[in-house]
Amino acid sequence: MGKILVTGGAGFIGSHTCVEFLERGYEVVVLDNLSNSKEESIRRIEQITGKHVKFYRADMRDAAAVRAIFKAHPIDAVVHFAGLKAVGESVEKPLAYYENNLNGTFVLLNAMHEAGCKRIVFSSSATVYGMHNPVPYVENMPTSATNPYGYTKVMIEQMLQDICHAQPDFSAVALRYFNPIGAHKSGLIGEDPNGIPNNLLPYIGQVAVGKLQQLSVFGDDYDTPDGTGVRDYIHVVDLAKGHVCAIAYAMAHEGFMPINLGTGNGVSVLEMVHAYEKACGHAISYRIAPRRAGDIATSYADASRAKELLGWEAQETLETMCEDSWRFMQQNPNGL
Ligand code: NAD
Ligand code: UFG
Numbered sequence: 008m009g010k011i012l013v014t015g016g017a018g019f020i021g022s023h024t025c026v027e028f029l030e031r032g033y034e035v036v037v038l039d040n041l042s043n044s045k046e047e048s049i050r051r052i053e054q055i056t057g058k059h060v061k062f063y064r065a066d067m068r069d070a071a072a073v074r075a076i077f078k079a080h081p082i083d084a085v086v087h088f089a090g091l092k093a094v095g096e097s098v099e100k101p102l103a104y105y106e107n108n109l110n111g112t113f114v115l116l117n118a119m120h121e122a123g124c125k126r127i128v129f130s131s132s133a134t135v136y137g138m139h140n141p142v143p144y145v146e147n148m149p150t151s152a153t154n155p156y157g158y159t160k161v162m163i164e165q166m167l168q169d170i171c172h173a174q175p176d177f178s179a180v181a182l183r184y185f186n187p188i189g190a191h192k193s194g195l196i197g198e199d200p201n202g203i204p205n206n207l208l209p210y211i212g213q214v215a216v217g218k219l220q221q222l223s224v225f226g227d228d229y230d231t232p233d234g235t236g237v238r239d240y241i242h243v244v245d246l247a248k249g250h251v252c253a254i255a256y257a258m259a260h261e262g263f264m265p266i267n268l269g270t271g272n273g274v275s276v277l278e279m280v281h282a283y284e285k286a287c288g289h290a291i292s293y294r295i296a297p298r299r300a301g302d303i304a305t306s307y308a309d310a311s312r313a314k315e316l317l318g319w320e321a322q323e324t325l326e327t328m329c330e331d332s333w334r335f336m337q338q339n340p341n342g343l
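174 is the number that my numbering gives to position 167 of the sequence shown; each next residue is one higher, with no gaps.
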């Protein structure tokens with residue numbers, strides 16, 4: 008199979024992706040500084056799969072540490088999740104975001120270059136479609152950003168494109184995730200944010216489990232069927248499987264390729280609340296609040312490139328996304 012370095016492998020999407028790689032016989036080496044995750048998630052990946060994970064608690068900006076990993080392991084390809092990801096925080100602390108996400112990626116790419124590793128799958132985001140493209144988003148649309156977090160994604164995609172241009176045997180797949188939610192069916196790993204969640208699903212989950220009082224629905228006067236924001240929610244296990252397909256693609260092709268990972272369907276905030284109510288069996292308290300700065304009305308993917316190039320399509324439903332998220336919340340009301 009092969010040996011994959013997973014940066015940010017202790018995090019939400021990274022941990023689910025490690026499981027999918029391990030279950031297909033890949034060896035996995037994880038680099039994570041645990042700034043937004045816990046070592047417990049590594050133990051749980053091992054519990055689910057019965058396989059060993061080689062874990063390095065290290066910062067990707069630490070060039071010596073990253074170089075040492077490439078020295079110790081023949082890494083066939085890198086899946087690069089590590090990064091800071093809170094949009095609002097990036098507006099407050101732009102330098103921290105540029106420093107961590109850009110400098111970290113720079114150190115990683117340099118270490119790959121030194122080690123002769125030429126395959127990378129990068130966690131990009133639908134945020135690179137900015138505010139002005141029409142939906143559904145297609146990969147050849149112009150990219151832009153509205154906050155430092157989004158700019159780090161746009162800039163890293165540019166770095167990867169430039170490297171592919173300069174080095175024709177290099178391969179970089181930028182996976183543009185839509186809104187990842189849900190959890191592994193075992194209920195052992197899932198989304199475990201620090202503090203009060205920014206994102207809809209963890210917030211709803213914490214209201215459902217009784218940790219938070221009430222959800223604020225940010226705006227009900229958007230130009231959408233029920234007036235609330237519409238997003239393309241994608242089950243994290245579907246997303247994780249997309250990375251296995253993307254690595255296979257990167258092994259067989261050279262060059263830069265951005266690929267959307269979404270379902271192609273939009274779901275409104277209120278539809279999500281009602282789907283979650285069905286999964287947890289009781290009402291979720293909510294109120295209508297003002298719009299959140301920087302939000303757009305509607306975002307969903309044109310998912311055809313992933314199907315065509317990767318043979319990948321989302322399998323899970325809104326129902327299973329909510330059921331799996333609820334199972335994780337119930338089993339881990341206080342996180343990992
Ligand atoms: P996460 O915070 O759960 O995972 C990121 C991991 O990276 C964490 O475990 C964190 O400790 C680690 N990390 C951060 N900086 C590091 C550093 N300097 N050195 C080593 N490790 C470091 O986030 P996630 O939701 O799993 O997201 C993974 C990736 O996907 C991120 O790049 C994120 O921007 C991107 N993404 C996420 C979403 C989403 O809604 N969750 C959407 C689009 C894109
Ligand atoms: N929302 C609420 N109440 C909340 C939280 C969210 O009503 O407490 C609404 C938002 O207004 C939006 C929808 O729920 O309409 C989804 O919001 P999220 O914060 O869950 O997700 P976003 O689409 O705003 O952002 C996500 C990631 C970003 C990424 C972006 C585009 O968090 O990192 O998708 O890919 F940049």
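Positions of the beta carbon are idealized from the N, C-alpha and C atoms, including for glycine.
Pairing Gly123 with Gln338, the inter-Cα distance amounts to about 43 Å.
When the beta-carbon positions are compared, Val276 and Val214 stay at least 7 Å from each other.
Annotated three-state conformation of Arg183 is strand, per DSSP.
Beta-bridge partners of Tyr144 (DSSP): Ala308. The Cβ atoms of Phe177 and Ile170 sit closer than 7 Å to each other. In the three-state DSSP reduction, Met264 falls in the strand class (E or B).
Not one heavy atom of the ligand UFG sits closer than 6 Å to the Cβ of Asp230.
Its chain contains Cys171, Pro175, Asp176, Phe177 and Ser178 as the residues whose beta carbon lies nearer than 8 Å to that of Glu261, once the 5 sequence neighbours on both sides are disregarded; these appear in chain order. Boundaries of the beta strand (DSSP E) around Val224: Leu222 to Phe225. Residue environment analysis places Leu317 among the buried positions, since at least 16 neighbouring C-beta atoms fall within 10 angstroms of its C-beta. Per DSSP, Leu12 is one residue of the beta strand (DSSP E) stretching across Lys10 to Thr14. By the 16-neighbour rule on beta-carbons within 10 angstroms, Lys314 is exposed.
In terms of CA proximity to Glu330, His191 leads the group Gly226, His191 and Leu91.
CA-CA distance, Ala181 to Thr14, rounds to 15 Å.
Going by C-alpha positions, Leu343 is about 34 Å away from Asp227. Around the beta-carbon of Ala300, fewer than 16 other beta-carbon atoms lie within 10 Å, marking it exposed.
Its chain contains Glu326, Cys329, Glu330, Ser332 and Trp333 as the residues whose beta carbon lies nearer than 8 Å to that of Ala286, once the 5 sequence neighbours on both sides are disregarded; these appear in chain order. When DSSP states are grouped into helix, strand and coil, Tyr136 belongs to the strand group. Taken atom to atom, the span from the alpha-carbon of Gly9 to that of Met258 is near 10 Å. By the criterion of at least three beta-carbon pairs nearer than 8 Å, the stretch 155-169 is not in contact with the stretch 207-222.
In the DSSP assignment, Ile203 falls outside any beta strand (DSSP E) and carries neither an H nor an E. Excluding five sequence positions before and after Lys125, the CB atoms of its chain that fall closer than 8 Å to its own CB belong to Met119, Gln174, Asp176, Phe177 and Ser178, given in chain order.
Taking Gly212 as reference, the option from Ser151, Ala133, Tyr240 and Glu284 with the minimal CA-CA separation is Glu284. Assignment of Ser48 by DSSP, reduced to helix, strand and coil, places it in the helix class. A distance criterion of 6 Å places the beta-carbon of Arg299 in contact range of the ligand UFG, judged by its closest non-hydrogen atom. In the DSSP assignment, Phe62 is bridged to Val37. Comparing alpha-carbon positions, the option among Val274, Pro204, Gly269 and Lys248 lying closest to Asp233 turns out to be Val274. Annotation: the stretch 278-330 contains the following complete segments of the beta strand (DSSP E) (minimum length 3 residues), in chain order: 293-296. Ala308 is a Cβ neighbour of Phe185, given a cutoff of 7 Å.
For Arg238, the CB falls within less than 6 Å of some heavy atom of the ligand UFG. In the DSSP assignment, Tyr256 forms no beta bridge with any residue. Of the other Cβ atoms in all chains shown, fewer than 16 fall within 10 Å of the Cβ of His139; this residue is therefore exposed. Take Gly197, set aside five residues on each side of it, and the residues of its chain with a beta-carbon closer than 6 Å to its own are Ala190 and Phe335, in chain order.
With contacts defined by Cβ atoms closer than 7 Å, Ile11 and Phe88 do not form a contacting pair. The beta-carbon separation of Arg298 and Asn267, rounded to 25 Å, does not stay under the 8 Å limit for a contact.
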